[in-house]
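Sequential numbering from 437 applies to the sequence shown in the numbering used here. The C-beta atom is built at its ideal place from N, Cα and C for all residues, glycine as well. Beneath this line is the structure, given in structure tokens, with notes to follow.
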Amino acid sequence: VSAKIGEGGMGEVYQARDTTLDRDVALKVLPEAFTADPDRLARFQREAKVLASLNHPNIGAIHGLESTEDTQALVLELIEGPTLADRIAQGPIPVDEALAIAKQIAEALEAAHEQGIVHRDLKPANVKVKADGTVKVLDFGLAKAAASDTSGGSATTSATISLTASATQMGMVIGTAAYMAPEQAKGQVVDHRADLWAFGVVLLEMLTGQQVFRGPTVSESLARVLERRPDLDALPSDLSPMVRRLLRRCLTKDRRGRLQHAGDARVDLAEAVTNPGADAIVVTETPRPGRHRVWQMSALIVIAATTAYVAGRWTGDLESSANEFRRFALPLELEQRNFRAGSSRSFGISPAGDVVVFAVDPNRGDPLYRRDLDSVDTVAIPGTERGEAPFFSPDGRWVGFYVTTEATLKRVSLSGGEPEPVARSSSNLLGASWGPDDRVVFATGNTPGLMRVPASGGVPEPITTMADSQGRHGYPHHLPVGNRLLFTIDDVAGDLPMIAAVSA
């Protein structure tokens, strides 16, 4: 033994010389808890034999397990170079280098997962980058092997392994908690998808130089994992759309919607390196009942986005670019599949095009649902039960909607709070639009013309008129620039509706 080179929750690490094979190695001396618990030590020895079978250029090798009368030590590959945590502490890593590192981490995960081995404690401190750029992932599976079986269950199903094994080093505990997957933080059984969450956190931290979920205490770190959305706005502006999509998929809190295989990350990263402008298409891998509704909604959203683009081109507000068109699928949970994809009362898209709010079945009492397009989480909006026909404020911070059973037009802040009444109407809403002057223009079944009311609430006033015998105006929509409002004219003869414009 020549020098102490590290210390963590799993024990002290020393540089040593293997005189039999004439090579330098790392010795990880295990804590006294192992030697004092024969059952735990026996289980650790069994697990270590399995881990020693891992043979991959991006995985730190386990050479063996040595023991003396009162000491147990793992013999590990000695890897020179800084940890990834050291690199991130200096600031963001250049995109090309970060993607190369991430690809090698993904390759290590892929190889281990194919053998049924889950890391369970992936974090920057467990990744080393050698001088030649080779990445080595350390301590594969050791968290599971080190877990004490205090719950009466097996170590295989332990989700709190990192906290129990690392309790002697508070800094290490906090650091580990910040990379736990949400299901791991909840104490649920974990599988390989927990590694894919941690992989997403590590990649995001490499690209931003910021710690995503780490808090001052273990409980604060876990709370951030469970509640906080990662800040993808901090990513480099020139980052490949494919990498952004990969991060969103890795950092999905519900593991059912998370990236499922490390090999997919490897493929995406390789494509992003060779073709940085490539975009990824989200594909629902397993067909589910009602899938056709998902694609119907996707088509409707594409139409709406295209309409916004055309309106912008008329005003010269947008420049031609392929990136202005965005195609995506919106998978729905089982309870959301009464969604009426063909109805104009079903959904609204935020002005920035990054949030969709949709109604499912107002007659059943369902709330409105919010879906941020940088996430696959769909969240119910409190207080919007039986709401329909959602529409956004110009700044995207509010959503207006109509409740038929209350005959009331309402609004609710997306940042939280109770819905507020805007106006009453004794008939169904036939569309509404929130103007830049902070007034809402809407149409109803009992008034042939368009009405206007302050968004904060008030008495509606007419802005167009039409005799009942002639038909009615409906579905107003403010153009993105200028002071113009589009709306439809339905006549009593049953002809196809016309589109007209009026000053707003």
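How many Å lie between residue i and residue j at the Cα?
{"i": "ALA634", "j": "PRO666", "result": "12 Å"}
{"i": "ASP454", "j": "ALA816", "result": "60 Å"}
{"i": "ALA613", "j": "SER849", "result": "32 Å"}
{"i": "ILE739", "j": "ALA670", "result": "Any reading at ILE739 must be qualified, since the residue scores a pLDDT of 38, below 50, and its modelled position is unreliable; no value is offered."}
{"i": "VAL486", "j": "VAL839", "result": "60 Å"}
{"i": "ASP810", "j": "THR519", "result": "30 Å"}
{"i": "THR710", "j": "ARG847", "result": "46 Å"}
{"i": "GLU448", "j": "ALA462", "result": "10 Å"}
{"i": "GLN620", "j": "ASP575", "result": "18 Å"}
{"i": "ASP700", "j": "GLN508", "result": "38 Å"}
{"i": "PRO933", "j": "GLY885", "result": "14 Å"}
{"i": "SER851", "j": "GLU516", "result": "48 Å"}
{"i": "MET678", "j": "ALA708", "result": "6 Å"}
{"i": "LYS539", "j": "LYS622", "result": "29 Å"}
{"i": "PRO672", "j": "PRO916", "result": "28 Å"}
{"i": "GLN647", "j": "ASP532", "result": "20 Å"}
{"i": "PRO474", "j": "ASP506", "result": "12 Å"}
Report the option in the options whose CA atom is closest to the CA atom of residue i.
{"i": "VAL563", "options": "GLU656, GLY871 and ILE537", "result": "ILE537"}
{"i": "ALA478", "options": "GLU550, VAL461, ASN491 and SER503", "result": "SER503"}
{"i": "SER892", "options": "VAL626, ARG523, PRO857 and VAL679", "result": "PRO857"}
{"i": "LEU632", "options": "ASN799, THR644 and ALA698", "result": "ALA698"}
{"i": "MET616", "options": "SER657, VAL877 and ASP700", "result": "SER657"}
{"i": "ARG691", "options": "GLY645, SER673 and VAL625", "result": "VAL625"}
{"i": "LYS566", "options": "GLY881, SER851, LEU514 and VAL793", "result": "LEU514"}
{"i": "ARG660", "options": "SER673, PRO672, LYS689 and ARG685", "result": "LYS689"}
{"i": "LEU501", "options": "HIS492, ALA484, THR456 and LEU490", "result": "ALA484"}
{"i": "ASP627", "options": "ASP568, ARG664 and LEU545", "result": "LEU545"}
Check this for me: beta carbons of residue i and residue j, under 8 Å apart or not?
{"i": "GLY784", "j": "PRO830", "result": "no"}
{"i": "ALA813", "j": "VAL791", "result": "Note on residue identity: the sequence assigns Asp, not Ala, to residue 813. Not a contact, by the Cβ cut-off of 8 Å."}
{"i": "PRO855", "j": "ARG822", "result": "no"}
{"i": "ALA547", "j": "ALA521", "result": "no"}
{"i": "ALA452", "j": "VAL465", "result": "no"}
{"i": "ILE529", "j": "LEU510", "result": "no"}
{"i": "GLY638", "j": "LEU705", "result": "It is worth fixing the name first, because residue 638 is Val in this sequence and not Gly. It is not a contact, given that the beta carbons lie outside the stated cut-off."}
{"i": "LEU675", "j": "LEU643", "result": "yes"}
{"i": "GLY836", "j": "ALA795", "result": "no"}
{"i": "PHE828", "j": "PRO872", "result": "no"}
{"i": "VAL554", "j": "ALA472", "result": "no"}
{"i": "LEU922", "j": "HIS909", "result": "no"}
{"i": "ARG920", "j": "ALA937", "result": "yes"}
{"i": "GLU543", "j": "ASN494", "result": "yes"}
{"i": "LEU845", "j": "LEU865", "result": "yes"}
From the DSSP secondary-structure annotation, give me the bridge partner or partners of residue i.
{"i": "TYR615", "result": "TYR615 is not bridged to any residue."}
{"i": "PHE827", "result": "GLY836"}
{"i": "GLU448", "result": "GLU443 and VAL465"}
{"i": "ALA868", "result": "PHE878"}
{"i": "GLU897", "result": "ARG888"}
{"i": "VAL565", "result": "VAL571"}
{"i": "HIS914", "result": "LEU921"}
{"i": "GLU513", "result": "VAL461"}
{"i": "THR644", "result": "In DSSP, THR644 forms no bridge with anything."}
{"i": "ARG909", "result": "According to the sequence shown, residue 909 is His rather than Arg. In the DSSP output, where bridge partners are listed per residue, HIS909 has ILE925."}
Check residue i in the structure and name its three-state DSSP category.
{"i": "VAL703", "result": "helix"}
{"i": "GLN508", "result": "strand"}
{"i": "ASP808", "result": "strand"}
{"i": "GLN540", "result": "helix"}
{"i": "ASP926", "result": "strand"}
{"i": "GLU546", "result": "helix"}
{"i": "THR883", "result": "strand"}
{"i": "MET902", "result": "coil"}
{"i": "THR820", "result": "coil"}
{"i": "THR596", "result": "Here the model assigns THR596 a pLDDT of 36, short of 50, so the residue's position is not dependable and the matter cannot be decided."}
{"i": "GLY500", "result": "strand"}
{"i": "ALA937", "result": "strand"}
{"i": "PRO725", "result": "With a pLDDT of only 37 at PRO725, under 50, the local geometry of the prediction cannot be trusted, and the value read off the model is given with reservation. PRO725 falls in the coil class under three-state DSSP."}
{"i": "LEU675", "result": "coil"}
{"i": "LYS485", "result": "helix"}
{"i": "VAL437", "result": "coil"}
{"i": "ILE524", "result": "helix"}
{"i": "PHE576", "result": "coil"}
{"i": "ALA708", "result": "helix"}
{"i": "VAL858", "result": "strand"}
{"i": "SER756", "result": "Low confidence applies to SER756: its pLDDT is 39, below 50, so where it sits in the model is not reliable enough to give any reading."}
{"i": "PHE794", "result": "strand"}
{"i": "THR455", "result": "coil"}
{"i": "LEU921", "result": "strand"}
{"i": "VAL637", "result": "helix"}
{"i": "ASP873", "result": "coil"}
{"i": "MET608", "result": "With a pLDDT of 40 at MET608, under the threshold of 50, the predicted position of this residue should be treated as unreliable, though the coordinate-derived value follows. Three-state DSSP puts MET608 in a helix."}
Counting contacts by CB-CB distance shorter than 8 Å, is residue i in contact with chain D?
{"i": "ALA439", "result": "The structure shown contains no chain D; it is built from a single protein chain."}
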